[in-house]
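Asks: Numbering (my numbering), first residue to last: 30 to 371.
Here it is, the structure, as structure tokens.
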Amino acid sequence: MEKLIWVRADGPADYEERKKLVSSALEEGMVHILLREGDQSLQRLGRFEAMIISGPDVLSGEERIGTIVEISTPEDLQRAYSLRDQVRYLLISARDWKVIPLENLIAEFQGSHTRILVVATDPLEAKLYLETMEKGADGVVIEVDDPGSLSSFAGLADQGKASVELVPATVTAIRPLTLGDRVCVDTCSLLRIGEGMLVGSQSSCLFLIGSESAESEYVAARPFRVNAGAVHSYIMMANGRTKYLSEVRGGDEVLAVDDKGETRKVVVGRSKVERRPLLLVEVEENGKRYSTILQNAETIRLCAPEEPISVSDLRVGQKVLVRLEGGGRHFGHSIKETITEI
């Protein structure tokens, strides 16, 4: 699940300083901001998720969505435990985690409907909270006085994010098909060579389709683009769910993955559906066969253990990188049930 990054902008006594905190947060792409009561006018600075701190409570509109708990004694910790499943968000502030270990909270709230966010005052502290016990807290609340220091927290949402396990699968068949509708996913980010998106005809096996970051003899590089495949294909989104490629729209967030399995979230700028000649690629891994359908053009590359391979150069027996998953998908959610997709 994606880590939550909130910014606390209620601290400074001076209104102009609080205003600068909100502006700086928006400039860094941080859109969950805690305001003090009476500062609702700061929402005019941009579009963001404004939450109001009212005593120990966190409000979204009129709804109480969270509670702030200051922990300095074992009794405070017990009070935090008592809020399990009572609030959506539990904001924890503690000065000494040597005395009050975060591990206890993570263990206590595992499997609950309450998400834990921990107040952090510097990036190293925040990183530690997001990675504690591998799982980490569900998020952090950044609390700083200097608006300029928010830039040092950039990219924090990617901390603690599990890598995708990729395995090499052996190509068993490559077959040209007739015309069909395929989707190019144009993002708002520049992707690297060896980085792309997870796409496939079966949710149990998603191929790492490379970006158009490499120069071609015939076409200039378009590193923002992944020519992802036929409209029926699944694509992995940033939230861990899948969509059909035909459903991807501008503003969606997809998961970009590199050939080492490292991930990041990228925003879709547009999705282009065009009628093009298609190509079926089939692979085998652990005695099972999987496939994906791509455009039949030399600019489309499958990521491989060494370097991306153009579909025009792909040969039976070569290895390409895939992500395997047991069970099935229902409306994009992973479910534990026996499903066979051929």
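Ideal placement from N, C-alpha and C gives every residue a C-beta, glycine not left out.
In this text, all values refer to a predicted model and were calculated from it rather than measured experimentally.
#1: Which parts of the region 255–323 are runs of the alpha helix (DSSP H), unbroken and 4 residues or longer, counting only runs that do not cross its ends?
#2: In the DSSP assignment, the alpha helix (DSSP H) including Lys-48 goes from what residue to what residue?
#3: So for Gln-69, helix, strand or coil by DSSP?
#4: Run through DSSP, which three-state label would Ala-198 get?
#5: Which term fits Pro-152, buried or exposed, when burial requires 16 or more other beta carbons within 10 angstroms of its beta carbon?
#6: Look at the alpha carbon of Ser-52 and the alpha carbon of Gln-72, and state the distance between them as a whole number of angstroms.
#7: Rounding to the nearest angstrom, what Cα-Cα distance links Trp-35 and Gly-95 in this structure?
#8: So which of Gly-225, Arg-278, Leu-208, Tyr-118 has the shortest CA-CA distance to Leu-303?
#9: Short of 6 Å in beta carbon distance, which residues of its chain neighbour Pro-176, apart from the five on each side in sequence? Order them along the chain.
#10: Looking at C-alpha atoms only, which residue of Asp-210, Ala-249, Ser-218 is the closest neighbour of Val-286?
#11: Contact between the region 324–334 and the region 242–261 is defined here as three or more beta-carbon pairs at a separation below 8 Å; is this criterion met?
#12: For Val-310 and Ala-333, which I take to be in contact (beta-carbon distance under 8 Å), what is that distance rounded to the nearest angstrom?
#13: Residues in the same chain with beta-carbon distance under 7 Å from Leu-134, minus the five sequence neighbours each way, listed in chain order, please.
#14: Between which two residues does the alpha helix (DSSP H) holding Leu-157 run?
#15: In chain order, what residues of the same chain lie with their CB nearer than 7 Å to the CB of Glu-99, ignoring the 5 residues before and after it?
#16: Roughly how many angstroms lie between the CA atoms of Gly-258 and Asn-315, to the nearest whole one?
#17: Candidates Asp-281, Ala-155, Val-260, Leu-274: which alpha carbon is nearest Lys-32's?
Replies: Let me spell this out:
#1: Counting only runs of 4+ residues, no alpha helix (DSSP H) is found wholly inside the region 255–323.
#2: Following the DSSP letters along the chain, one finds Lys-48 inside the alpha helix (DSSP H) bounded by residues 44–56.
#3: Gln-69: helix per DSSP, three-state reduction.
#4: Look at Ala-198 here: in three-state DSSP terms it is strand.
#5: Label assigned to Pro-152: buried.
#6: Rounded to whole angstroms, Ser-52 to Gln-72 spans 10 Å at the Cα level.
#7: The alpha-carbon atoms of Trp-35 and Gly-95 are separated by roughly 13 Å.
#8: What sits at residue 303 in the sequence shown is Glu, not Leu. Here the closest residue by C-alpha is Leu-208.
#9: Residues Lys-49, Leu-50, Ser-53 of the same chain have their beta carbon placed closer than 6 Å to that of Pro-176, with the five preceding and five following residues left out of the count.
#10: Of Asp-210, Ala-249, Ser-218, the residue nearest in Cα terms is Ser-218.
#11: Verdict: yes, contact present.
#12: About 12 Å; that fails the 8 Å criterion.
#13: Taking C-beta separations shorter than 7 Å and ignoring five residues to either side along the sequence, the partners of Leu-134 in its chain run Ala-109, Ile-121, Ile-145, following chain order.
#14: Secondary structure note for Leu-157: its alpha helix (DSSP H) is the uninterrupted segment 152–160.
#15: Answer for Glu-99: Asp-105, Ser-122, listed in chain order.
#16: The alpha-carbon atoms of Gly-258 and Asn-315 are separated by roughly 24 Å.
#17: Of the listed residues, the one whose Cα sits closest to Lys-32 is Ala-155.
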